[in-house]
Amino acid sequence: MILADIISLWNSSWPAGLTMLLLGLGFAVVLLIASERLKVLQDERVERVFAALPNINCGACGFAGCQEYAKMVVAEPTLLGKCFPGGQKTMERVAGILNLRISNSHAPKRPVVHCRAHTGDRTYLAKYSGIPTCTAANALANVQACKFGCMGFGDCKASCKFSAINIIDGLATINYEKCTGCTACSKTCPRELIEMVPFKYDIMMTVACRSQENAKDTKTFCKVGCIGCRLCTKQNDAFEMAGNLAKLNYKKYQPGETFEAAMNKCPTGVIVYRGKGAQPDRPAEQKPQKEAQKA
Amino acid sequence: MDRAYILIMGFLSVVIVNNFVFTKFLGTCPYLGVSGRLDTAFGMGLAVTFVTALSGILTWLIDFYVLVPLGLQITRYICYIVVIAGAVQLVEMYVKKFFPPLYKSFGIFLPLISTNCVILGLCLFINIWGTDNLLEVAVLSTGTGFGFAVAICIMAAIRENLIMVDVPESLKGAPITLITAGLLTLAFMGFTGMIK
Amino acid sequence: MPVPKQLAVMLSQHIGAICKPVVNKKDRVTAGQLIGSADAFVSAPVHSPVNGTVKDITLCSHPVLGRAEAIIIESGEDNQPRRPCADKFGNSFDTGRFSPEQIFDAVRRAGIVGMGGAGFPTSVKIRANPSSPIHTVIINGCECEPFITCDYRIMLEWTNQIIAGALLIGRALDCKDIFIGIEDNKPKAVDAFRQAVKDMPVAAGIEVVAVKTKYPQGGERHLIKSILNKDVPAGGIPPMIGVLVNNVATAAAIAEAVIFDSPLTYRPVTVSGSGIKRVGNFYVPVGMAAGELIELAGGLTDDAVKIILGGPMMGIAVADLSTPITKTSGAITILTEKEIGGSRMRGKETPCIRCGRCIQSCPVNLNPTRIAHAVKNNLFETAGQYYMSACTECGCCSYICPADIELAGLIKTGKIFVARQKKLMPK
Amino acid sequence: MFNKVKYFIEQSWLLLVTSFLFGLLIAVADAAWSAKVEQNKAEKLRGLMASLISDANSFEIAIPAAQIPSDKGPVKTDIYKAFDAQGKCIGFAFIVVGTGFADKIELVVAVDARCEKLFGFNVLSSNETPGFGDKMKNASFSSQFKGAPAGKLSLIKIGDSGKIDDEIVAISGATVTSTAVINIFNRSVISVKKQLQEKGLLTNNGG
Amino acid sequence: MAQNIIVSPSPHIYKRHSTRSIMLNVIIALVPAMVASVIFFRTRAVYVISSCIITCVVSEWLCNLVRRQPSSLGDLSAVITGIILAFSVPPALPVWACVIGSAFAIIVGKMVFGGLGGNVFNPAMIGRAFLTASFGMLMTTWTVPATIDKNMPTISPANPAAMTQATPLAWSKQAIKARNIEDTSKKVTTSVANSMLRSSFFGSRGGCVGETSALALVIGGLYLLITGTITWHIPLAVLISAFVFSTIPYLIDSTAYASPLFHLMTGGMLIGAFFIATDPVTSPFTAKGRWIFGIGVGGLTILIRTLGEYPEGMMFSILLMNSVTPLIDKFCKIIPAGGKPNV
Amino acid sequence: MADENPVKVNYLDALTAGLWRENPTFRLLIGMCPPLAVTTAVKPALTMGLSVIFVLVCSNIAISLMRKLLKPHLRIIMFTLSIAAFVTICDLYLRAFAPLMSEILGAYVPLIIVNCIIIFRAEACASKNNVWFSILDGIGSGTGFTIALCIIAGIREILASGTFAGIAVMPRGFVPWAAMQMPVGAFVLLGLLLGLSSLLTAKRTN
Ligand SMILES: Cc1cc2nc3c(=O)[nH]c(=O)nc-3n(C[C@H](O)[C@H](O)[C@H](O)COP(=O)(O)O)c2cc1C
Ligand SMILES: Cc1cc2nc3c(=O)[nH]c(=O)nc-3n(C[C@H](O)[C@H](O)[C@H](O)COP(=O)(O)O)c2cc1C
Ligand SMILES: Cc1cc2nc3c(=O)[nH]c(=O)nc-3n(C[C@H](O)[C@H](O)[C@H](O)COP(=O)(O)O)c2cc1C
Ligand SMILES: Cc1cc2nc3c(=O)[nH]c(=O)nc-3n(C[C@H](O)[C@H](O)[C@H](O)CO)c2cc1C
Ligand code: SF4
Ligand code: SF4
Ligand code: SF4
Ligand code: SF4
Ligand code: FES
């Protein structure tokens, strides 16, 4: 009885099974040939990035499938984070592959803004009522008295694909937790205030000023500008003078007491720490000596 | 009725009146995903047109000459999908090897769409419509793909403009695209009844 | 007009290489003495307008010419303001006395730069170049920007001098076709030139053309279109089609330089606008602070809100009144809130309604709204596809836009940005 | 060669095995359920026919694969004969198609045994706009066909839809659909009548 | 002194007009048609127009509120949307339907795209299309104008007391449909439709609230042209192409197809050509693009009127051309004077 | 898929992720066709949802079982094959036991084969995890999808016919909005709902 049933079932279903088998066979041949013939030599990173993507070819990234996106993102790291379905995790993995995060081998470059003047610290000659971008404002002379400092319209912020820059009270401030070091901001700032600095440590010291004006002008223009007094250079030779401005030579960067001393000696407090978890800047008015005593 | 007339009307019908995206809601994922830029959208449209034409014809042939005579309709879906995927891959290989410029303009989209709704949907609808001659199948398949191409190109041009306007943050991307598509279907309603 | 106490003469008064200072701090200088030498070909030397002492040589920023060294001169007691020399030009005049070389040398020595605004060294422009010969010279007397009248004044008062300059340019380039283009809202100037041409036998070949009054008629490509009905290639310059355009003041300066060998240290400047107490034209030494000139004109009114170096369409707004006058600054315009308009004062744009007015108004046939919006959204490639680089920054589009969008400003920003990106590229 | 085959099998055996297994699986499912599917279809058709010919008890195919004209040329369909409880033939029913406003319309049409009066129609499948053409399913439109003469019908725009005659009042706002339905009747009923007559299947005197 | 000095990019002077003044001009130009509508449809017109305007304004205000934006009502564009929507619906449309249509027009047609300037489609036409799709019956029920032209035929001899009456376009559609009917007793010819030309000119005919009076619309249109609010390209292109495309069938069979003049005067043709197709936001901005757009609108309108299912095609043709406007803009790039720069 | 850090096995998470955090329709934007096509009324939407759950679970099981044996170039085809087989079975079942729904859904049942959700789950989950995890994942995502379908269908049905799952819910004088049953309604409603969902997530992450 049961046997007969099974036999009849078999009889009625083997053609379907056979068709499928044939199809499978044909397909296996095609794909095998395809996979052998079409092996294209590729950047090994592309393969790895591709492997990290969800591979559903949804097109959400705006490219023709995951393979294409992998290729593009390797070539242009700012495209990171376009994979919608993959979300945060995929982005992190891809970032890992492309070394966009801090890796141990060499110091990753991170941006620092060479200005620390907030709105209240600056002198304004007039009200700017034009296009609210730094590039536009920079084309005019008198947006603010200081022709070197941050204007705070946030072109850099707009260029950062990782929302790592905030304009805090008129000053571009980098959130080092989010920054991937993609250099977009440093290419954008029309005043070239953002420098990519090798972050050997989580926190790095920097001279947060770019003003080439003489001491008198700098003082009238800005409460916290570098006045070129050379005090820092006397503490540590990593500090060098470039015209009216002190500069930190990061090749000689080796934090220590003399560094701290240089920082504390600076009368206007332009030497500051930047990086993950750096202390807030010293208020502009405070006398440096007092600060040193407290510390 | 005149044969050519039927063919032309059939073509126009699937392009404008019964556009697959607007009335059958097929291929929505690439329609949302790849409509960001006009050149990409155009390539995608070309690729879809090509693949619909190819797979519409192929699956119809298989259905008509193999599956129905042998009484194997139950394996229809599997056959369709496998045939489509296989054919598309073969063609992709071929184009890539022998027509590199062509491959650049639309070949890269081929793998993206081989397992896509429009294609399988078209094959199924051709089956449902009960079309019984190859020429008609070819015209309808091409028309369907062309309809998709038209729809996605219009959308891409619109979206290229939309990036320059202040669309609410939460509606950016897929939501606004869907709404625009909805309004497009309203506009396309004007063609109803023009083609029987 | 008194000679100012102190001058800040920028060592970069022009497009091209910055001059080297040839005087030192505390040196005494005399009027007309060379103080900045130009070694590069595309450059123009700088001279002291007054007798005095060099007080300092310091970096100084200028809104138009950028940051360069300036020589600060404290003027001495013995100064007489310089007088225009127009009355020395009579109806008889002979260009044959000068060879093209001589003219070139004189112009070069006098440090003449384009006074129509761009500040390109004139010597370079009038140097005959066999590979692209100039067949037509146009003297630009349009002065199309509202408020500015200094060119008009000199056209009336220095008519013969300008014609002499035009002839000298023609002589330098060995070119017979000379046109003087004047907007038809200045009929007196047109008549003055027609009369002068009739009176001066050597000037018989010069044609005085009254062109339509329509901003930016004074832009060289529009002027050439109006007079010769020729198009300058987009992004190109007139010499490409064999035409040279010079401002009337430049022509006058050339005449003075060649005939009297005197350097360019003074220029006519219009001070106007309803924000100034006394509107007028002044013959001003280069290096004078804008603020001082404004004081001469009676000072600012209480409702003045904008100080513009140049005219209201293309000038640059400044706030720092110590900004020095340069060879290129033909005007200072002071505007009040009423002239600017309330909504624009606030700098608040509203959404573009795609009305297309900016497109219709653009004299070079661009699509300003597209370019500006692309720039706003950082789509510089798109902006390039709409020929951003061909924009002459005339400002017509911003002027007309009902939605108060700073189209010209955005386009300018985009050009700056792209230039910057290009500069960064090789790295 | 052997190596190649071996490599191939190594790479692809899983695909081959699973495709075979899946083939069997669906075949089994089909074997188990296909009867039910057929039955569903038959029941649906029967249900539709029965709702038109209210006294019908059983149906049987009168003319298999008869040719019935439609606006796209003739189509093949079975003509059913309906019997009442006593086994008397009380009518005929058949499926016809036509082009509506949006897409194909498929109707089940029933006529009485003498092919003189209509029993009406039921919609087998259609894709008309809801709120417009879709209203053809409503009684207010379809009941006009119940008892109408099996001859040429015509469409009027305004009239009394309660009156049963050869004038059918259109669904307002959906003239196209209404026309399509009437065309379906006008084309098919006469042709069916002729075919039935030819085969001598019409009960002429109520018998 | 520094306090009141401002700096900003050039230029520093501007033409004295604004979005608001342009919109105000459009509203002024719509006044004659509004007066005409009140004359012909009395209180119905007042209800419809006021409910549409109020809903549009309130919806826009609500959207601003939700997005925490400053109010954008000042630009008056919402008022225009309300008026145009009201003008393009039948006078008998109930107030609740006006409210739904206006809300849809503003919210889905405009505000989701970011408000003024962002929308792809004409908001008023989107509202109307939504109403047509939703409440087809209501949108094709026409009231007789209060001041009826006695010569106008009523819809059906069978029902002489009907409150509704066919519009001229409906008659012309009937004529087209009757083209192949042999039975002469049922034949409708265009002579009926053509006889309505006079009443169409002044406006005493059935139709949408604001479209009936050709005279009032032309006055408004001329006002727009004279004040430079719109350019002449689109209206001219629409009218010319409609004229040309309607002449062709008219020459073939003048008893079935209405005369070109008829097509220009009836339906939404004039209001569409002067007020709707010219909506700057949703039409191309180059002169060449405007020509293409206008020709498309005119041609499609006539195509739908003669071949399509609907008696009127203005709305659909405008929406269709709106949808390709970005494409037109993309391909009608203007070449700068002096040729393309090589950079 | 070579992966350095193994996916953490959290069964509860597998079940709940698909409901909202990784809801296929509202969050991942995949498989967008059915939410537009089969949502004119609640009943077909529900049927569709259940079918998807069935296919998802079955294919997840099958793929999870063979995940160790997959060859890279045959991966996708294996997925497609299993999915197509289960869809065929599902289709047969519907035709046999829910003929009305089968008719309404028409071609959209076989179209489940190419629905991106299923292949995505196969790739992202089943081919990397054990069977139990895959089952839970299938149920989770499937349910999320079903809920999304029902929300959309509910709103459309109420506005377009004044009913919910066939039961009249609107007051008597309500004039149905026919547009909601047309494509416009589907697209615009889904667009607005997506906007709402991204608004909600934006709020939550802030
Ligand atoms: C928009 C625009 C307007 C201009 N208006 C004038 C003008 O009114 N008068 C003038 O002399 N130059 C004007 N120029 C500058 C001329 O284009 C040209 O540079 C000048 O006439 C050349 O003469 P120069 O080298 O002697 O300065 C304008 C330029 C632009 C772009
Ligand atoms: C959204 C929409 C859907 C429509 N659907 C149908 C339909 O399914 N069937 C139909 O005959 N007419 C339909 N129509 C109406 C036709 O377009 C057309 O107006 C009608 O057939 C004209 O005939 P009438 O004289 O009955 O108004 C629809 C109209 C609209 C606006
Ligand atoms: C601007 C405007 C556009 C219109 N567009 C359409 C349209 O696309 N379709 C339509 O049926 N009616 C439209 N109408 C309404 C028609 O102009 C007209 O009132 C209607 O077609 C009357 O004819 P009917 O009853 O035969 O439909 C529009 C009205 C206006 C004012
Ligand atoms: C000439 C002109 C015509 C307009 N026509 C319309 C119209 O037809 N419908 C509408 O909603 N708004 C119209 N507007 C207003 C406004 O442009 C419209 O609401 C925008 O589309 C909203 O973004 C018009 C404005 C102008 C200046
Ligand atoms: S850092 Fe530069 S770009 Fe950023 S806000 Fe400051 S000036 Fe602007
Ligand atoms: S743009 Fe600047 S802040 Fe942002 S990620 Fe890149 S380097 Fe960091
Ligand atoms: S003039 Fe202004 S509003 Fe008009 S299109 Fe240009 S940018 Fe837009
Ligand atoms: S500023 Fe505007 S109007 Fe002038 S050339 Fe540039 S784009 Fe054209
Ligand atoms: S294209 Fe993704 S479900 Fe249709």
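Protein chains in written order, with numbering that gives the first Met the number 0: chain A, 0 to 294; chain B, 0 to 195; chain C, 0 to 426; chain D, 0 to 206; chain E, 0 to 342; chain F, 0 to 205.
Beta carbons: idealized from backbone N, C-alpha and C, even for Gly.
Distance cut-off 7 Å: residue i Cβ against heavy atoms of ligand 8
{"i": "Thr232/C", "result": "The sequence shown places Pro at residue 232/C, rather than the Thr named in the question. No, the Cβ of Pro232/C stays beyond 7 Å of every heavy atom of ligand 8."}
Classification of residue i by the beta-carbon crowding that lies within 10 angstroms, buried from 16 upward
{"i": "Asn204/D", "result": "Model confidence at Asn204/D stands at a pLDDT of 46, short of 50, so the residue's coordinates are unreliable; what they give is reported in the following sentence. Result: exposed."}
{"i": "Leu195/D", "result": "buried"}
{"i": "Thr179/B", "result": "buried"}
{"i": "Trp59/B", "result": "buried"}
{"i": "Gly115/C", "result": "buried"}
{"i": "Lys109/E", "result": "buried"}
{"i": "Thr219/A", "result": "exposed"}
Interface flag, residue i vs chain A, CB-CB below 8 Å
{"i": "Ile76/F", "result": "yes"}
{"i": "Ile405/C", "result": "The sequence given here has Glu at residue 405/C, not Ile. True, the Cβ-Cβ gap to chain A drops below 8 Å."}
Minimum Cβ-Cβ distance from residue i to chain C less than 8 Å
{"i": "Ile125/B", "result": "no"}
Distance cut-off 7 Å: residue i Cβ against heavy atoms of ligand 7
{"i": "Ile399/C", "result": "yes"}
Residue i in three-state terms, based on DSSP
{"i": "Pro346/E", "result": "Residue 346/E lies beyond the range of chain E shown here (0 to 342); nothing can be said about it."}
{"i": "Asn118/E", "result": "coil"}
{"i": "Ile56/C", "result": "strand"}
{"i": "Pro152/E", "result": "Residue placement at Pro152/E is flagged as unreliable, the pLDDT there being 44, under the threshold of 50; a coordinate-derived value is accordingly withheld."}
{"i": "Met47/F", "result": "helix"}
{"i": "Met163/B", "result": "coil"}
{"i": "Ser124/D", "result": "strand"}
Residue-level contact to chain F via CB, residue i, 8 Å cutoff
{"i": "Asn39/D", "result": "yes"}
{"i": "Ala277/A", "result": "no"}
{"i": "Ser133/E", "result": "yes"}
(request) Pair every Cβ in the stretch 361–381 of chain C with every Cβ in the stretch 8–27 of chain F, then say whether three or more of these pairs are closer than 8 Å. (result) no
(request) Evaluate the contact criterion for the stretch 249–256 of chain E versus the stretch 288–301 of chain E: three or more CB pairs, one atom per stretch, below 8 Å. (result) no
(request) Pair every Cβ in the stretch 118–130 of chain E with every Cβ in the stretch 88–103 of chain E, then say whether three or more of these pairs are closer than 8 Å. (result) yes
(request) Mind the definition here: the stretch 100–108 of chain C touches the stretch 164–174 of chain C only if three or more C-beta pairs lie below 8 Å; say whether that holds. (result) yes
(message) Using a Cβ distance threshold of 8 Å, determine whether the stretch 276–289 of chain C contacts the stretch 129–140 of chain C, with at least three qualifying pairs required.
(response) no
(message) Could you check whether the stretch 234–247 of chain E touches the stretch 42–60 of chain E, counting it as contact only if at least three pairs of C-beta atoms, one from each stretch, sit closer than 8 Å?
(response) no
(request) Pair every Cβ in the stretch 132–145 of chain B with every Cβ in the stretch 45–53 of chain B, then say whether three or more of these pairs are closer than 8 Å. (result) yes
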